[in-house]
Amino acid sequence: MKPGNADPADRSDDIAQLRQHLDMPDLNYQDISMLVGVQQALQRWPLLGESCRSSAQDGLLMPAPKGEAVLP
Amino acid sequence: MTSLALHGVRGGLGRSALLAALGYALQGVGERVLLIDLCPDNLLGLHFNLPLEAREGWALAEREGRPYTDAVYEVLDGLCLMPFGNAPGDALHPAADAATWAARQVELAEHFDWLLFDVPQLPAATAGHCVETDVQVLVAEAEMASHLLLGRRPIERYDLLLINRYDPASRLQSDLLMVWRDLFRDRLPLQVVHRDEAFLEALACKAPLGHYAPQSLACRDVQSLAVRCLTRRQS
């Protein structure tokens, strides 16, 4: 892509341009800070983490803990 | 005419107070609103200064063989209320089913822009609702019981997840809100109504929130909800 030749309507969509440039049309925008925050929340509240693991929702899965079955 | 109901993931989420506040907010922007109480508890009218002993309602009228429309009160210009009703001695049970209310919605359509239904809490496993509406709002609180029960709901059935009594100072609540935003991203929009003592005080004063505390934070939240509802308004 040559600088200055892009359609003006596309210029504001940096993610779309990056996706095109990297030839990764399936790349979805991810809010990294939110993903980190979600992972921390799932670890902070054990029942929340357990429910989200078992719900098998996209983007919320986290590795199962290594077999402790004792109270926190 | 557009019909709307607030459904709870569980009981005790303040849905009647929310519905009363939403009706008042919609009337405030010039909409013609009818609030319909489908709960045998018959509490919705108390948000609009009906006497505690008032017995008239659509279910009572139905039982006595009168038209259900006998029980319509005009609270304000453009804001009407149809209580469930109460019978001395024994409890009334709703006889009207979803098909009946579908036909009644058609009858009422020319008189109102909005029909807002206060629906009883049904078990999550119950198939269908006691009334089908154009807009289905699911109400929850940012706490674990709501979270677990949300997982058992077919969320594709709903248009909005309304998080009531939200306290941003609570670590657990802010965490849950963040998780829900991620979990329901692109599937179910979220709207927050903050925890506000004004909601409780409004019922104690027999008034809807917007009348009792128009400057309150929760009132502004409900006004935002009303604006969102207007985007779903049907002609």
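The listed protein sequences correspond, in order, to chains A and R.
Residue 60 in the working numbering sits at position 60 of the first sequence; the count goes up by one each step and never skips.
Residue 1182 in the working numbering sits at position 182 of the second sequence; the count goes up by one each step and never skips.
Where is the CB? At the ideal position from N, CA and C, for every residue including glycine.
Identify which residue in Leu1079/R, Val1029/R, Gly1151/R and Gly1014/R has its Cα closest to the Cα of Arg1228/R.
Residue 1228/R sits at position 228 when you count from the first residue of the second sequence. For Arg1228/R, the nearest C-alpha among the options comes from Val1029/R.
Around the C-beta of Ser33/A, are 16 or more other C-beta atoms found within 10 angstroms, so that it is buried, or is it exposed?
On the first sequence, residue 33/A is found 33 positions in, with the first residue counted as 1. Under this definition Ser33/A is an exposed residue.
Looking at the unbroken alpha helix (DSSP H) that takes in Asp1037/R, where does it start and where does it end?
For the purposes of this step, residue 1037/R is taken as the residue at position 37 of the second sequence. Careful: Asp1037/R lies outside any alpha helix (DSSP H), inside the beta strand (DSSP E) at Val1033 to Asp1037.
Could one say the Cβ of Arg1171/R lies closer than 9 Å to chain A's Cβ atoms, at least one of them?
Position 171 of the second sequence, counting from 1, holds the residue named residue 1171/R. At least one chain A Cβ lies under 9 Å of Arg1171/R.
Given 8 Å as the limit, is there contact between the segment 1058 to 1069 of chain R and the segment 1143 to 1160 of chain R, that is, 3 or more CB pairs closer than that?
no
Span separating the alpha-carbon of His1211/R from that of Ser1224/R:
Here residue 1211/R refers to the residue found at position 211 when the second sequence is read from its first residue. Here residue 1224/R refers to the residue found at position 224 when the second sequence is read from its first residue. If I take the Cα positions, the gap works out to 16 Å.
Start and end residues, beta strand (DSSP E) containing His1194/R:
In the second sequence, counting from the first residue as 1, residue 1194/R sits at position 194. Taken as a continuous stretch (DSSP letters only), the beta strand (DSSP E) holding His1194/R covers Leu1190 to His1194.
Residue closest to Gln1234/R, alpha-carbon to alpha-carbon, out of Ala1096/R, Asp1113/R, Asp1097/R and His1007/R
Within the second sequence, the letter at position 234 stands for residue 1234/R. Nearest C-alpha to Gln1234/R: Asp1113/R.
Given a cut-off of 9 Å on the beta-carbon distance, is the pair Val1238/R and Leu1149/R in contact?
Residue 1238/R lies beyond the residue range present for chain R, which begins at 1001 and ends at 1235; the question has no answer from this structure.
What is the DSSP secondary structure of Asp1186/R, reduced to helix, strand or coil?
Locating residue 1186/R in the second sequence gives position 186, where the first residue counts as 1. Three-state DSSP puts Asp1186/R in coil, outside helix and strand.
What does Val1179/R touch in chain A if you count any residue whose Cβ is under 8 Å from its own?
Stepping through the second sequence from its first residue, residue 1179/R is reached at position 179. Result: Val38, Ala41, Leu42, Leu48, Cys52 and Leu60.
Would you report the Cα separation of Ala64/A and Arg53/A, rounded to the nearest angstrom?
Along the first sequence, one-based indexing puts residue 64/A at 64. Along the first sequence, one-based indexing puts residue 53/A at 53. Note that Ala64/A scores a pLDDT of 42, beneath 50, so its modelled location is shaky and nothing firm can be said.
Go ahead and pull the three-state DSSP assignment for Gly49/A.
As a working note, residue 49/A is residue 49 in the first sequence. It is helical.
Taking just the CA atoms, how far does Asp1186/R sit from Cys1039/R?
The residue given as residue 1039/R occupies position 39 in the second sequence. The residue given as residue 1186/R occupies position 186 in the second sequence. So the alpha carbons of these two residues sit roughly 33 Å apart.
Which residue wins for smallest C-alpha separation from Thr1133/R, given the options Glu1201/R, Trp1101/R, Ala1020/R and Pro1051/R?
Sequence index remark: in the second sequence, residue 1133/R carries index 133 (1-based). Checking every option, the nearest Cα to that of Thr1133/R belongs to Trp1101/R.
Which whole-angstrom value is the C-beta distance of Asp1037/R and Asp1118/R, which I expect to be below 8 Å?
Taking the first residue of the second sequence as position 1, residue 1037/R is located at position 37. Taking the first residue of the second sequence as position 1, residue 1118/R is located at position 118. Taking the Cβ atoms as the reference, Asp1037/R lies roughly 5 Å from Asp1118/R, within the contact range of under 8 Å.
Residues that DSSP places opposite Ile1163/R in a beta bridge
Here residue 1163/R is taken as the residue at index 163 of the second sequence, counted from 1. Bridge partners of Ile1163/R: Ala1140/R and Val1192/R.
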